[in-house]
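Participant:
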Amino acid sequence: MTEPRYFMPPEWAKHSSTWLSWPHKLESWPGKFEPVPAVFAELAWQLSRSEAVNINVLDEAMEMQARELLRVKDPEGRYTSRITYHSIPTNDAWCRDHGPNYVFREQDGKRDKVILDWDYNAWGGKYEPYDDDDAVPARVAEAQGLPRIVPGMVLEGGAIDVNGEGLLLTTEACLLNPNRNPGLSRQEIEERLGYYLGIRKVLWLGDGIVGDDTDGHVDDMTRFVGSSTVVTVVEDDPEDENYEILQDNLRRLESFTDLEGRPLEIVRLSMPEPVFYDGERLPASYANFYIANTAVLVPTYRCSRDQQAIEVLQKCFPGREVVGIDCSDLIWGLGAIHCVTHEEPSL
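When we follow this note's numbering, the leftmost residue of the sequence shown carries the number 2, and every step to the right adds one.
#1: When the Cα atoms are used, what is the spatial distance from Phe41 to Ala160?
#2: On a CA-only basis, which of Ile332, Asp213, Ser22, Phe8 is nearest Glu107? Give me that one, please.
#3: Please classify Gly125: does DSSP put it in a helix, a strand, or coil?
#4: Roughly how many angstroms separate the alpha carbons of Ile56 and Arg149, rounded to a whole number?
#5: What is the DSSP secondary structure of Glu344, counted as helix, strand or coil?
#6: Thinking Thr342 and Tyr291 are a contact (beta carbons under 8 Å), I'd like their distance in whole angstroms, please.
#7: Would you report the Cα separation of Ser229 and Leu170, rounded to the nearest angstrom?
#8: Does the distance from the CB of Tyr287 to the CB of Pro273 come in under 9 Å?
#9: Give the single residue among Arg79, Leu331, Gly212, Val323 whose Cα lies nearest to the Cα of Asp280.
#10: How do the segment 95-109 and the segment 15-25 stand: do at least 3 beta-carbon pairs fall below 8 Å, yes or no?
#11: How is Lys74 classed by DSSP in three states: helix, strand or coil?
#12: With C-beta atoms as the reference, is Val350 less than 9 Å away from Leu270?
#13: By how many angstroms is the C-alpha of Thr3 removed from the C-alpha of Ile210?
#14: Could you tell me the alpha carbon to alpha carbon distance between Arg6 and Trp205, rounded to whole angstroms?
#15: In whole angstroms, what is the alpha-carbon distance linking Asp221 and Asn180?
#16: Please report the distance separating the alpha-carbon of Trp30 from that of His87.
#17: Relative to the ligand FAD, is the shortest distance from any of its heavy atoms to the C-beta of Asp135 smaller than 8 Å?
#18: So, helix, strand or coil for Ile200, using DSSP?
#19: Check this for me: beta carbons of Ser18 and Glu236, under 9 Å apart or not?
#20: Applying the criterion that 16 or more other CB atoms from any shown protein chain within 10 Å of the CB defines a buried residue, is Val323 buried or exposed?
#21: Which parts of the segment 103-182 are runs of the alpha helix (DSSP H), unbroken and 4 residues or longer, counting only runs that do not cross its ends?
#22: Could you tell me the alpha carbon to alpha carbon distance between Ile116 and Pro239, rounded to whole angstroms?
#23: By Cβ distance, which residues of its chain are closer than 7 Å to Leu283, with the 5 residues on each side in sequence left out?
#24: Under 8 Å by Cβ, that's how I've got Gly125 and Ala174 pegged, so tell me the actual separation to the nearest angstrom.
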């Protein structure tokens, strides 16, 4: 038997489904939880127009709540019939980070789909308990009858972005943070990403945007939209606290090359106007979009730059409809659309 080779496809590759974890933790949206389930219903409905959707729920009552909200969106069930509910408990709703990381495995001339079960510690132990979230990949693998591989390293889905051709984007602030993998060096982290995701070159960005409690997830800043093209957010106001962070990010991107030594094509995307709640700066960013089979769902924040962001992303995805989703309430939980979704690629 030969050594297996693993490969993580890019988000724009065909999906068999998208996974969500239904929200229930009031503390994640203190004083503002009430409108959040309706945002998840909007996301699930929009996604069901594009592909199958899987939703993790705690119990039958939570499933009924989700079904009722979706019945309002789609009374005849034309699209929501594509939604499947799973009795898989969670501590929180951030499926990007605790959900199953699907990759393809090639061995002895055969290819199959497996789930990577990375360790999960709620962004460095910030929010306990997180045992149910950590168990989600194992429970999904059991439900789907898929092989489960345990790399033995803490990694959240929002911390990485891949182009499907050997490149991976991440940040030093997150992946090298001692609250993640203190026993692993930068080289050892790169080696594990290489082995389990098929990565040949890691592109290291610096810090994350202000208000991001994950220590700097890349999916709030820079995303691949093609094999050698990235969209990156920039702050237009030099006085804004994100300005220098994102300028450093941009300088690094301008120095990066692909595996052939060619510079990346960089598409700039202006940040939204600052979003605050109770005096707290929130990590509102247009980079937190999600690429579905026929659509791209982009967070909007009821500000004047929303339409410009949609237009920029529409040029990046001419074969998909770019749809704005109001995330003014969702972002109070310190995450947006990409943070709550997780793709399942089609084999």
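Glycine included, every Cβ here is placed at the ideal spot set by N, Cα and C.
Facilitator: Short version:
#1: 22 Å
#2: Phe8
#3: helix
#4: 20 Å
#5: strand
#6: 5 Å
#7: 12 Å
#8: yes
#9: At residue 280 the sequence reads Gly, which differs from the Asp that was named. Of Arg79, Leu331, Gly212, Val323, the residue nearest in Cα terms is Gly212.
#10: yes
#11: helix
#12: Since the first residue of the chain shown is 2 and the last is 348, residue 350 is not available in this structure.
#13: 43 Å
#14: 24 Å
#15: 20 Å
#16: 23 Å
#17: In the structure on display, the ligand FAD does not appear, and there are no ligands present to speak of.
#18: coil
#19: no
#20: buried
#21: 123-126, 132-145, 173-176
#22: 43 Å
#23: Gly212, Val276, Phe277, Ile332, Trp333, Leu335
#24: Contact doesn't hold; Cβ gap of about 11 Å is too wide.
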